[in-house]
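See below for the structure under consideration.
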Amino acid sequence: MPSTESAPRPGGAGTLAGRTVARVGYGAMQLERLHDDRDAAVALLRRAFDLGVDHVDTAQFYGNGFVNEVIRAAVRPGDDVLVVSKVGADPDPGGPVPLRLAQRPEQLRASVEDNLRALGLDRIPLVNLRRADRGPGLVAEGDQVVDLDDQLAVMTALRDEGKIGAIGLSHVTSDALRRALPAGIACVQNAYSLVSREDEDSLELCLAENIAWVPFFPLGGAFPGLPKVTDEPAVQAAARQLGRTPAQIGLAWLLHHAPNVHLIPGTASADHLAGNTSAGDIVLDAETLAALDAVPSRSLGATLG
């Protein structure tokens, strides 16, 4: 029996790229921390499948291909796992940060091919285009400033060729999202959490258009100076009341906030993995939700200056 049938879907079921998957998935970036113990990395991913996770988010620039190789080794015939990757950056292990932007159409195509080879797939079910118009993170300069329409043209061609199944967008503004809608967008990955809700208009647009919302930085605090969900008194109070961790409350709030939200928390710890998946079981009553909703949202741009 496939391992994905051994547990209920964490967070319940949702729709992503035309597939029914658990609303709590797994962001594989942190597997890079197990680079010196590949067997442990494979075992952690297999444990995620045992817990009901059937949506894994990755990229070729995670660990310079190491993470994709782990996914290839961990996913077995019969596992009904949706593997999602992203393009818009390539590995740069010798650089000041381990990735560089790769926004030009020919680079996007090459990145898809790299992902296909590393994952051992003929088709990636969903590929997210990571834009670089704004921070946090790398911002496009020079020849990496590429018109969205040119990028969507190559992504659409790759979909027509059967190399990718669906197109997603990452790090995208609401205006760009509206421009992209005619291309057929399956999901949006933006920085979003209880303490950073400046993209609420984009979330609402996705909800209206039946597009999955897959937040990264779901607990904030990914860069110095960013607010952290776990520091909020209302989050800590809810955690004490429910006997959960503040991180679990932050994840549970996202699932309660909108039905099209899918989570991809990442970790290299089996204990944290279990905690993240069990956050999908948390029920927040109206009073607790009201207290959490009252937490002020801070702009990432304003925070980072």
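Under full-length UniProt numbering, residue 305 is the last one in the sequence shown; the count climbs by one each step, no gaps. Yeah, the Cβ is synthetic: ideal placement off N, Cα and C, and Gly gets one too.
Quick one, which of the options has its alpha-carbon nearest residue i's?
i	options	result
G16	I264, S297, G275 and A279	What sits at residue 16 in the sequence shown is Leu, not Gly. Of the listed residues, the one whose Cα sits closest to L16 is I264.
residue 356	R179, F61, S193 and Q107	There is simply no residue 356 to check, as the chain begins at 1 and stops at 305 in what is shown.
E209	P233, L177, P218 and D150	L177
R109	D92, G88 and R100	G88
G27	N68, A7, A13 and D39	N68
V112	L129, P96 and E198	L129
With burial defined as no fewer than 16 other Cβ atoms inside 10 Å of the residue's Cβ, what is the status of residue i: buried or exposed?
i	result
L304	Note that L304 has pLDDT 38, beneath the 50 cutoff, so the model's placement of it is unreliable and the number below is only indicative. Per the 10 Å Cβ criterion, exposed.
E5	Confidence is the limiting factor: at E5 the pLDDT is only 48, short of 50, which leaves the residue's position unreliable, though a coordinate-based value still follows. Per the 10 Å Cβ criterion, exposed.
L181	exposed
S170	buried
S3	No answer about S3 holds up, because its pLDDT of 42 lies below 50 and its placement is not dependable.
S299	exposed
T230	buried
G162	exposed
A294	exposed
A258	exposed
A252	buried
L292	buried
Between residue i and residue j, how many whole angstroms is the CB-CB distance? I'm expecting something under 8 Å.
i	j	result
S85	N115	5 Å
residue 317	N260	The structure shown does not extend to residue 317, since the chain is modelled only from 1 through 305, so no value can be given for it.
residue 313	Q60	Residue 313 is absent from the structure shown; the chain starts at 1 and stops at 305.
V75	A279	Actually they are not in contact, since the Cβ atoms of V75 and A279 sit about 24 Å apart, beyond 8 Å.
P136	R19	Actually they do not touch by this definition, with Cβ atoms about 30 Å apart.
D201	S174	5 Å
Per the DSSP calculation, residue i is bridged to which residue(s)?
i	result
A40	A40 pairs with nothing; no bridge assigned.
A13	A22
A89	L101
V261	W213
D149	Per DSSP, none; premise fails for D149.
Is residue i near the ligand NAP - that is, is its Cβ less than 7 Å away from at least one heavy atom of it?
i	result
D271	What this structure holds is no ligand at all, so the ligand NAP is not there to describe.
Give, in chain order, every unbroken run of the alpha helix (DSSP H) that is at least 4 residues long and sits entirely within the segment 167 to 242. 174 to 180, 200 to 208 and 233 to 242
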